[in-house]
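Okay, structure first, notes after.
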Amino acid sequence: MTASYELEAKLEDYRRAAAIRHEALEQTTGRSLEGLPLGGLTMSRYWDSAIPVGVAGPLLLDGKEYMVPLATTEGTLVANINRGLKAIYASGGAIIVLHKDAMTRAPIVRFGYAVRAAQLMLFVEDPLHFDTLAAVFNRGLQGNKLTGQIADEIGNCASPMHLDLSDNFLYGDIPFSEFEEQSVDWSYTYNSNPNSKPKNSLTGEIPRLIYWNEVLQYLGLHGNSLSGSLSPDMCQLMGLWYFDVRGNNLTGPIPDNIGNCTSFEILDISYNQITGGIPYHIGFLQVATLDLSQNELVGPIPPILGNLSYTGKLYLHGNKLTGPIPPEIGNMSELSYFF
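Going by numbering that gives the first Met the number 0, the sequence shown opens with residue 0, and the numbers climb by one from there.
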């Protein structure tokens, strides 16, 4: 007997070999494969398929034989799986033991650098931190239907750590008492559905007290209706690594001392009405992502941006910048996205 994967070599005609396999599969399964092409597959469709177009088996499982459908067009992969199933069959088959049937949810934590991810891994694996992790990941109120203004008294909570009120229907000013948190997220989570209702719509200026929070690490305010300008005090946030105010109504220039925000890993001020030029000292940042896009910035792209040796993503599109692209951009060794 000739194995199905040997047909091409035996017949020296891959179309005929594929046709024989199609016919054999139709007879085995009792299903028609009409409309399934035998050729014309490009590399973009080589690795996988939206429907099973390969089959392996039989798999002897709990004493019964099963054919295993495979959503791939890679013949060698099908052959390898066939060999494995053949070994299982020759060994007497496999037996299923169901240990647990459940669906789990877990938080995703994103960092700008792999080293910070490694530090978190060591932290979460330490049993001494289990209570802290439970308090952090279970405190979120995001994605509800909360309405109204954020009460000033919310800042009176004992031992506050993280506050996530994103993707609700909150409005009004940011409370001045809210300056003790390590992580604050009052963002509007964007929804591609054009019929969806708007979410959080906080107004007013960003309270300057926030910038003097010694423990704040994450500040997410994107997609609201905040006004005013970026304060030079933002660089007082010595522990902050994530600063996101995109999609608001902020105006004025980028602070000249922006280069002092050396703890920032993500800096996103896009989709505002920020004016003026890109300041020289921005080249002293150590960010992984810098997004200045969709503002009203003017003037040249400063060559000092070439000093951003840690930056992998740089977005400048949608402004009114002029002049050439400085060759110093080529010094950005980690740059993978430049728009």
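No residue lacks a Cβ here, since even glycine has one placed at the ideal position from N, Cα and C. Bear in mind the structure is a predicted one, so any value in this text is a computation, not a measurement.
Ordered along the chain, which non-local residues of its own chain (more than five positions away) have a Cβ less than 7 Å from that of residue i?
i: aspartate 12; result: none
i: proline 239; result: Strictly speaking, residue 239 in this sequence is leucine, with proline absent from that position. Same-chain partners within the cutoff: Leu215, Gln216, Leu218, Ser262, Phe263.
i: tyrosine 279; result: Pro301, Ile303
i: proline 193; result: Unreliable placement is indicated for proline 193, whose pLDDT of 32 sits below 50; the coordinate value is still reported in the next sentence. Excluding positions up to five away in sequence, the list is empty.
i: histidine 128; result: Phe122
i: glycine 276; result: Leu296, Val297, Gly298
DSSP puts residue i in a beta bridge; with which residues?
i: glutamate 295; result: Thr274
i: valine 214; result: According to DSSP, which records beta bridges pairwise, valine 214 is partnered with nothing at all.
i: isoleucine 95; result: In the DSSP output, where bridge partners are listed per residue, isoleucine 95 has none listed.
i: alanine 55; result: Val67
i: aspartate 267; result: Asp243, Asp290
i: tyrosine 336; result: Lys312
i: lysine 319; result: Val297
So, for residue i: in the same chain, excluding its five sequence neighbours on each side, which residues have a beta-carbon less than 6 Å away from its beta-carbon?
i: asparagine 271; result: Asn247, Leu249, Asn294
i: aspartate 340; result: Because residue 340 is not part of the residues shown, which for the chain are 0 to 338, the question remains open.
i: alanine 157; result: Residue confidence for alanine 157 is low, a pLDDT of 49 falling below 50, so the modelled location carries little weight; the figure read from the coordinates is stated next. For alanine 157, where only same-chain residues beyond five positions count, there are no Cβ hits under 6 Å.
i: leucine 307; result: Met331
i: asparagine 318; result: Asn294, Leu296
i: leucine 60; result: Ala93
i: tryptophan 211; result: Gln235
i: alanine 18; result: none
i: tyrosine 241; result: Tyr217, Ile265
i: leucine 229; result: Pro254
Under 8 Å by Cβ, that's how I've got residue i and residue j pegged, so tell me the actual separation to the nearest angstrom.
i: leucine 320; j: phenylalanine 338; result: No, leucine 320 and phenylalanine 338 are not in contact; Cβ-Cβ is about 12 Å, not under 8 Å.
i: leucine 169; j: glycine 147; result: 7 Å
i: glutamate 333; j: glycine 311; result: 5 Å
Is residue i helix, strand or coil by DSSP?
i: glutamine 285; result: coil
i: threonine 250; result: strand
i: serine 222; result: In the sequence as displayed, the identity of residue 222 is glycine instead of serine. It is coil, neither helix nor strand.
i: valine 108; result: coil
i: leucine 208; result: helix
i: serine 3; result: helix
i: aspartate 290; result: strand
i: tyrosine 13; result: helix
i: threonine 28; result: helix
i: leucine 313; result: strand
i: leucine 127; result: helix
i: leucine 121; result: helix
i: tyrosine 229; result: Looking at the sequence provided, one finds leucine at residue 229 rather than tyrosine. Three-state result, leucine 229: coil.
i: leucine 60; result: strand
i: proline 344; result: Because the chain here runs from 0 to 338, residue 344 falls outside it and cannot be looked at.
i: threonine 261; result: coil
i: leucine 236; result: coil
i: aspartate 255; result: helix
i: serine 191; result: At serine 191, the pLDDT of 29 sits below 50, so the modelled position is not reliable; the number obtained from the coordinates is stated separately. Of the three classes helix, strand and coil, the one that applies to serine 191 here is coil, per DSSP.
i: glutamate 73; result: coil
i: glutamine 181; result: With a pLDDT of only 49 at glutamine 181, under the threshold of 50, the placement of this residue in the model should not be trusted, and no figure is reported.
i: leucine 304; result: helix
i: glutamate 33; result: coil
Within a Cβ cutoff of 8 Å, which residues of the same chain sit near residue i, ignoring the five residues on either side of it in sequence?
i: glutamate 64; result: Gly56, Pro57, Leu58
i: glutamate 213; result: Met237, Gly238
i: alanine 23; result: Ser3
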